[in-house]
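Heads up, the thing below is written out as structure tokens.
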Amino acid sequence: MQNKVISMNIRLIQCCFLILVSIMSAAVPAAATSVSEKKVELRIAYQPLASPAGAIMEAVKRDRLFLQAMARKGIELRFVPTLKGGDAVTAFRKGELDATTVGDMPLLELAFETPVTVIGQLKRNFASIVAPRGTTAPGLKGKRIGYAFATTGHYALLKTLQNGGLTERDVTLVPLDVSEMPDALLKGSVDAFAAWEPTPSQFLALHSDRYSTTGRQSSTAFMVVSKAYVGKNPESVQLLATSLARAMSWFEKDANNLRQAVSWNQTTIQKLTGKPSILSTEDLIRQITSDLQTISYSAKLSIFKDQEKNLLADELEFLKNIGKLPKSVQWINIRTSFDNRIMEKIYRKRSASLINKFDYEFK
Amino acid sequence: MNSSSPDNIRIEPTVIPWLQSIRGKMVLFFTALLCFILLGIQLIQMYGIPYTNYRGTINEITVNQLETLTAIADSRKELIENWVRNRRRNARSLVENPIIQDLQPRQGKLAVSPQILEWLESVRSDYQLSSINLILPSSGIPVAGVPVLEALQPIDERRTISKNSEFNELVLTTYDAVSQSSQLHIILPIRPNGDPDKAPLLLLEVETSIDQFFDSRLQPHLVSLLGKTGEVVLLDSRKQFLTKAKHPLSDGSMPVPMQTVIHSKASELAISGSEGTIAAEDYRGIPALAAYRHIQLSPDVAWGMVVKRDQHEIYAALQHKTRIYWWFALFGVFITVIMALFIAGRLTRPLRRMVSIAISIQHGDLDARVDETSRGETALLARAFNSMIGKLQGWHIELDNLVRQRTEQLSAANQELQLEVAERTRAENALHEKTLLLEEEIAERQKIQEALQYSKLAAESANRAKSEFLANMSHEIRTPMNGIIGMTQLLGYTELNDEQKEYVAAITTSGNNLLSLINDILDLSKIEAMKLDIVMDNFGLRNCISEVVTTQKLRIYKKGLSVKIDVPSDVPDSLLGDQLRIKQVLLNLLGNAVKFTENGSINIAVTVVEDHGSDVLLDMSVQDSGIGIPADVQKRIFDPFTQADGSTTRNYGGTGLGLSICKRLAELMGGNIRVESVEGVGSTFYLRLPLPVATVSMQAKLKPQDTSPLWDGHPLKILLVEDNLINIKCCKTLLEKMGHHIKVDNNGRDALDSLKKESFDLILMDIQMPVMNGDDALYILRERELNSGTHLPVIALTAYALKGDKEKYLEIGFDGYLSKPVEVRKLVDEMKRVTSGS
């Protein structure tokens, strides 16, 4: 109950912040002209409960090189933690955000009607359906399943149901925040839940004797910036991308760096949900290390022409087929949102981009 | 009967060992069955139904197998990821080595010292790599490497790297046709002095055999875990086999790595990024259980892995045990049927024997017997059965004899019956003839009876007409007689000389005689009309006889006769009877005695013939010494209008009705009358009557002689309503002599008019009058009185003197009743009575 209250308070704070930002941005457009050089903001939402994006964004938040560069440009940074990508997508559509980390399914939902630019990839792992041991995909029929709408977990659930010959109509969907899912399953208010990392790993690390994954689906996450913002402030977007690349280089350089970032991430999660992370730091490090190897350090979907029809394109077709996205949405609409040039520029001039120079705030 | 006769056979209760009895066996059987069922239920509750709940077991095995496949898939995926990670580290460590970083190609060639190649070889050997190559980024052709190959073919993907300077790592999979194995390539850029901003001059490629890794790390222990059909299949992003397959394809050919595309649901799901388990056909089209995994080796390279096992092998043990179970079940059914047949045969054998014996008995073999050597209830049943047969045999013999005897009797009876039937037939015919005759006779008699009935009715009608005629005649005669006697009585109250007195006496006597004659006629008519009733009342016999004698005393005196009355003391004095009728009979007898006796005496005697206490039978006799009655006349002397002869009437007078009336009256009173007479000596008439003895003394009822004057009260104003002038004269004179004031009207109408004009103390009203009868006038008078509230006494004066007439007139409203001719004394008494209340 206490956790729920804290969670609600945090949501309230987030909403107030977003409302404040909206009022401010709408109320003073004219005045902003005169002071635009000084009052430009970069509002970035991210999901601490997503791995490894949560840890990456914790490093970005503390990247002095990035912060100072932005300050020099007079751009004020606002980091907005959200429980799931769906919340960020909603705020993004309303113009309350300039950038956000977002998973594959929310990205597809956002990109097909909102002009965005994908500047980098932050995750490539799995979203899982956690259920009592021995539960097969067809065995989910008639079960109550906790999920978060329009998330990578939701997509994993839809895909697993399809693999088992089922649809959403064959189960009872119970909307939950990802932080609520483990307790709901343990208390029996749901029979299974669909979540993205690290929640499934955290849960199964403690309850693998009773629960296991019924199905998993490859899951990705990206950093998305509004096209309008990119047009107006390309340099700040470049700085943001550089900070992302720097964070990953920092993680690769030393495992202690990653440990530090994970620690920051866990602190943020505890503040956000009121509950400590149940997965140990070492487990998270191991998982993130593995995940980072599969992350493309650019926004390229693939460097090979024949692999352009990748998993994201499959996901788009799937969501169109089951009616989650309009049939009119074409893959080209999504693909053109990916801009490789930002990351290419960074990696071509690594020294100039300072991606191998690290200065983080440890307070 | 001897001791072995069926009636003497008794079934003695026998103690049967409990386990040998049918009851014991059945109890044992059902107990064992129940125990078996309970044990089975208990075992099922404790251990479930192994290999019997087929679907449940299938599910359980499936789940277990999927978990096993999942565990293997996860472990194998981790092995692959670690293996690739290690190869990646190997490559990165080489790239970061200064020796490698110092290598610089010149004009498309790279000079590598033997020492470096030796070092690379040692590294390759240590890292168990297939090769280590140094490649020109521009052409993608290896320029140096270990082991040294004669010709290395360029790889397009390697050239691609040169176009993407930002790349950090490249992972490729290729198939080496020479070694017929799949290779994993990890390619890293070698930048001059490690400067990240500089373009790579060389690429370092480490190549390792996937097959070798597969065979050494993924396949071991797989047989023990997944059986003969268990298999790990690795496939690239094009769904091609990465390694050699364990089984041939459905067409019998073996898949070629990196060439043969896998068509299976699990592999498609794995490549599409899904992980999970599935029951589906594998690449051979054979049903299998599989766990599939998606292995992302690099941002752009992913493998799929399917760990699978054929379903027929998974369920083989279950199916084998299920077959065994069915065989056991069939065997159990077979054994059960055999056992059931055996037990049923054993249990029913005695019964079948008994059935056989029963059939023999049915066919007449009563000597057949059941074997009694068996045990238990069957032995008891056999004994009882034999006993029953014995009794049946005895009854059969007895019944046979009885039937034979009864048949003979029946035959004899039948013959007799036939004779009797013949006899009865003849008798019936005769009877029929006689019945016809009888019917004719009955019809004839009915006709006669009808004629007789008609004659009887006619006679009775004539008789009633005669009686009514006589009654009417009596009424018509009485009316003038009333005038005669009345006027004579009035004449007697006048002053007469002796001669006149004699004439008046003669008139009186003649009137009385005539009245007597009329009364006799009237009585006879009443008797014959059955209208004369006997009125029972207390009376004194002696007084009755005395009064009869008194009435005839003058005549007896005149003829010089003596009368002797003899009533013994044993004759009760108070009796219950019709005194008037008794007097009438005695008076008639005494009158005849006086009449026919010229000298001598007359004796009146009463004797008790029977005394019953409450009643007595009396003989009242009147004996004279007269002329006597001839014997031939004595028989008809009691017939009406009969006297001894014609001269009797001429000599002695009389109507000849007296004795007839006496006889009729005697019979009406339950007695009789008879005569004993000797002609010339005298006659004795006997009146025999049964009379009840009265319980109340008659002394109290005896009235004293009335010696008072005719009317001693105040004079009355009387309305005399009468149409006969003589009667008016007679009655008016008589009443006026008493001092009353008389007004006369001749009919009822005039009387009613007079009553309107003046008041009266009394009305004397005749009944039969012209204009208006007396009873009609009375009705109107009483109607008037209802309004006025007055009441005027009215006495009916009428010649209707039959029984019931008095009651009838009193009922319709008359206060008094007097029959004509009116006696002065009765008239005075009645007038006093009706006016006493006024």
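In the order they appear, the protein sequences are chains C and W.
The numbering used here puts the last residue of the first sequence at 363; the count rises by one with no breaks.
The numbering used here puts the last residue of the second sequence at 1201; the count rises by one with no breaks.
Every residue gets a Cβ at the ideal spot worked out from N, C-alpha and C, and that includes glycine.
Just so it is clear, the structure is predicted and the values come from calculations on it, not from any experiment.
Counting contacts by CB-CB distance shorter than 8 Å, is K349(C) in contact with chain W? If you number the first sequence from 1, residue 349(C) lands on position 349. At least one chain W Cβ lies under 8 Å of K349(C).
Assign T1058(W) to one of three DSSP states: helix, strand, or coil. In the second sequence, counting from the first residue as 1, residue 1058(W) sits at position 695. Coil, per DSSP.
Start-to-end residues for the beta strand (DSSP E) that takes in M983(W): Within the second sequence, numbered from 1, the residue matching residue 983(W) stands at position 620. First-last of the beta strand (DSSP E) with M983(W): 978-987.
Curious, which full-length alpha helix (DSSP H) runs of at least 4 residues does the segment 442-512 of chain W contain? 461-464, 477-489
Taking 8 Å as the CB-CB limit, is Q293(C) close to chain W? For the purposes of this step, residue 293(C) is taken as residue 293 along the first sequence, with counting starting at 1. Judged by the 8 Å Cβ criterion, Q293(C) is in contact with chain W.
Among V116(C), G231(C), M57(C), M105(C), the one whose alpha carbon lies nearest that of L311(C): Walking along the first sequence from the start, residue 311(C) turns up at place 311. When only C-alpha atoms are compared, the closest one is M105(C).
Would you say K159(C) lies against chain W (beta-carbon separation less than 8 Å)? In the first sequence, residue 159(C) corresponds to position 159, counting from 1. K159(C) counts as touching chain W.
Short of 7 Å Cβ to Cβ, which residues in the segment 215-241 of chain C face chain W? G215, R216, Q217, S218
The beta strand (DSSP E) spanning F1199(W) covers which residue range? Stepping through the second sequence from its first residue, residue 1199(W) is reached at position 836. Note that residue 1199(W) corresponds to Ser in the displayed sequence, not to Phe. No beta strand (DSSP E) holds S1199(W); DSSP gives it neither H nor E.
Going by DSSP, which residues form a beta bridge with A192(C)? Position 192 of the first sequence, counting from 1, holds the residue named residue 192(C). Looking at the DSSP assignment, A192(C) forms a beta bridge with I145(C).
Measuring only between beta-carbons, confirm whether I13(C) sits less than 8 Å from chain W. Against the first sequence, residue 13(C) aligns to sequence position 13. Only weak support is given to the placement of I13(C): the predicted model assigns it a pLDDT of 48, under 50, and the value that follows is read from those uncertain coordinates. Answer no: the Cβ-Cβ gap between I13(C) and chain W never drops below 8 Å.
Suppose you measure from the CA of V224(C) to the CA of G508(W); what does that come to, to the nearest Å? In the first sequence, counting from the first residue as 1, residue 224(C) sits at position 224. In the second sequence, counting from the first residue as 1, residue 508(W) sits at position 145. Rounded to whole angstroms, V224(C) to G508(W) spans 43 Å at the Cα level.
The segment 612-644 of chain W: positions lying closer than 7 Å to chain C by Cβ: L632, S635, G636, S637, E638, G639, T640, I641
Where I724(W) and M751(W) are concerned, what is the direct C-alpha to C-alpha distance, given to the nearest angstrom? Looking up residue 724(W) in the second sequence gives position 361. Looking up residue 751(W) in the second sequence gives position 388. Each residue's Cα considered, the two are about 11 Å apart.
Would R469(W) count as contacting chain C if we go by Cβ distances under 8 Å? By 1-based counting over the second sequence, the position of residue 469(W) is 106. R469(W) does not count as touching chain C.
Near V1185(W), which residues of its chain fall below 8 Å by C-beta distance, leaving aside the five closest residues on each side in sequence? Position 822 of the second sequence, counted from the first residue, corresponds to residue 1185(W). Cβ within range, chain order: N845, G849, C1094, L1160.
Bounding residues of the alpha helix (DSSP H) (the contiguous stretch that carries D1138(W)): Position 775 of the second sequence holds residue 1138(W). Unbroken alpha helix (DSSP H) run through D1138(W): 1137-1151.
Between the Cα of G139(C) and those of T268(C), T160(C), T117(C), spot the shortest distance and give me the residue it belongs to. One-based indexing of the first sequence puts residue 139(C) at position 139. Comparing Cα-Cα distances from G139(C) to each of T268(C), T160(C), T117(C), the minimum goes to T160(C).
On the criterion of 16 or more Cβ atoms from any shown chain inside 10 Å, does P1078(W) qualify as buried, or is it exposed? Taking the second sequence and counting its residues from 1, the one referred to as residue 1078(W) is at position 715. Its Cβ having fewer than 16 others within 10 Å, P1078(W) is exposed.
Nearest to T268(C) (by Cα), restricted to the options A247(C), L49(C), I346(C): Here residue 268(C) refers to the residue found at position 268 when the first sequence is read from its first residue. For the residues A247(C), L49(C), I346(C), the minimum Cα distance to T268(C) belongs to L49(C).
Length of the line joining the Cα atoms of I342(C) and R601(W): The residue given as residue 342(C) occupies position 342 in the first sequence. The residue given as residue 601(W) occupies position 238 in the second sequence. Whole-angstrom Cα-Cα distance: 30 Å.
Spell out whether any CB of chain W is found under 8 Å from the CB atom of S290(C). Position 290 of the first sequence, counted from the start, is the residue given in the question as residue 290(C). So, interface residue.
Enclosing alpha helix (DSSP H) for A347(W) [first to last residue]: Nothing in the structure corresponds to residue 347(W), since chain W is present only between 364 and 1201.
Can the beta-carbon of A643(W) be found less than 8 Å from the beta-carbon of V669(W)? Looking up residue 643(W) in the second sequence gives position 280. Looking up residue 669(W) in the second sequence gives position 306. It is not a contact, given that the beta carbons lie outside the stated cut-off.
Assigned exposure category for S337(C) - 16 Cβ within 10 Å defines buried: The residue labelled residue 337(C) in the question sits at position 337 within the first sequence. So S337(C) ends up on the buried side.
Can you give me the Cβ contacts of A436(W) inside the same chain, cut-off strictly under 6 Å, excluding the 5 residues immediately before and after it? Working through the second sequence from its first residue, we reach residue 436(W) at position 73. Around A436(W): A654, R656, V670.
Under the three-state DSSP convention, the category G1045(W) falls into: By one-based count along the second sequence, residue 1045(W) stands at place 682. The answer is strand: DSSP assigns G1045(W) an E or B state.
Would you identify the three-state DSSP class for Q307(C), choosing helix, strand or coil? Counting from 1 along the first sequence, the entry for residue 307(C) is found at position 307. Only weak support is given to the placement of Q307(C): the predicted model assigns it a pLDDT of 49, under 50, and the value that follows is read from those uncertain coordinates. Three-state result, Q307(C): helix.
Which of helix, strand or coil DSSP assigns to V541(W): As a first step, residue 541(W) must be located in the second sequence, where it is residue number 178. In this structure, V541(W) counts as coil in the three-state DSSP scheme.
Okay, do the segment 790-800 of chain W and the segment 755-773 of chain W touch, 3+ Cβ pairs below 8 Å being the bar? no
Name, in chain order, the residues that DSSP records as bridge partners for E76(C). Along the first sequence, read from residue 1 onward, the residue named residue 76(C) stands at position 76. According to DSSP, which records beta bridges pairwise, E76(C) is partnered with E41(C).
Would you say D599(W) and T640(W) are within 8 Å of each other, going by their C-beta atoms? In the second sequence, counting from the first residue as 1, residue 599(W) sits at position 236. In the second sequence, counting from the first residue as 1, residue 640(W) sits at position 277. No, they are not a contact pair.
Counting contacts by CB-CB distance shorter than 8 Å, is T117(C) in contact with chain W? Translated into positions along the first sequence, residue 117(C) becomes position 117. Chain W, which has no Cβ nearer than 8 Å to the Cβ of T117(C), makes this no.
Let me confirm a value: L1149(W) is counted as buried when at least 16 other C-beta atoms fall within 10 Å, else exposed. Which label applies? Here residue 1149(W) refers to the residue found at position 786 when the second sequence is read from its first residue. Per the 10 Å Cβ criterion, exposed.
Taking only the alpha-carbon atoms, compute the straight-line gap between L950(W) and Q915(W) and give it to the nearest angstrom. As a position in the second sequence, residue 950(W) is number 587, starting the count at 1. As a position in the second sequence, residue 915(W) is number 552, starting the count at 1. So the alpha carbons of these two residues sit roughly 8 Å apart.
Helix, strand or coil at W758(W) according to DSSP, with G and I counted as helix: For the purposes of this step, residue 758(W) is identified with residue 395 of the second sequence, where counting begins at 1. W758(W) falls in the helix class under three-state DSSP.
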